[in-house]
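*Asks:*
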Amino acid sequence: MHFLLLFNRQSKLRLQKWFTPVSERDKRKVIRDMTMMVVGRPPRSCNFIHWRDLKIVYKRYASLYFCVGLENQDNELLALEVLHRYVELLDKYFGNVCELDIIFNFDKAYYILDEFLMGGEVLETSKIDIGLSIEEADVLQEVQ
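Numbered per my numbering, the sequence shown finishes at 153, counting up by one with no gaps.
#1: Grab the span of the beta strand (DSSP E) containing Q25 for me, first residue to last.
#2: Counting along the chain, where does the beta strand (DSSP E) carrying G78 start and finish?
#3: Please state the DSSP three-state secondary structure of H59.
#4: With distances taken from CA atoms, which of F12, N17, S20 is nearest D35?
#5: Please check the pair K26 and L99, which I expect to be a contact at CB under 8 Å, by giving their CB distance rounded to whole angstroms.
Put into structure tokens, the structure is as follows:
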């Protein structure tokens, strides 16, 4: 996995995580291309796109698009499962997550992502274990 992007239907970027080194200029170009390609697609289109030397896998949840860039040999269905699991983790923490939760609590969204993925690979699959580590972090933050 090269990157994970979250953006809304107006192409406004809400969260980005890069797992490979990319220059700021290239990041802006990738973000612009992804938002234009994904938002402009019809609703019933396939969730997989071939772009340059990557496979793009995306899924729309409510008003947010979750988008990942994969190597050609990576499994698209597994990437959809990763996106779905991340949404489940966000739902569990925020209680039916919405775009405003991501905007106002972006640090928590990044923390949940970091507990789930590391270096573009799944670090922990258990929702319970990830939930426990997030609760522990919240308790530590409250103590400070």
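Each residue gets a CB set at the ideal place from its N, CA and C atoms; glycine is no exception.
*Replies:* Taking the structure as given:
#1: As a position in the sequence shown, residue 25 is number 16, starting the count at 1. Membership of Q25 in the beta strand (DSSP E) is indicated by the continuous run 22 to 27.
#2: For the purposes of this step, residue 78 is taken as the residue at position 69 of the sequence shown. 73 to 79 is the extent of the beta strand (DSSP E) around G78.
#3: Sequence index remark: in the sequence shown, residue 59 carries index 50 (1-based). Strand at H59.
#4: One-based indexing of the sequence shown puts residue 35 at position 26. Considering only alpha carbons, the answer is F12.
#5: By 1-based counting over the sequence shown, the position of residue 26 is 17. By 1-based counting over the sequence shown, the position of residue 99 is 90. With 8 Å as the limit, K26 and L99 do not qualify as a contact, their Cβ atoms being about 14 Å apart.
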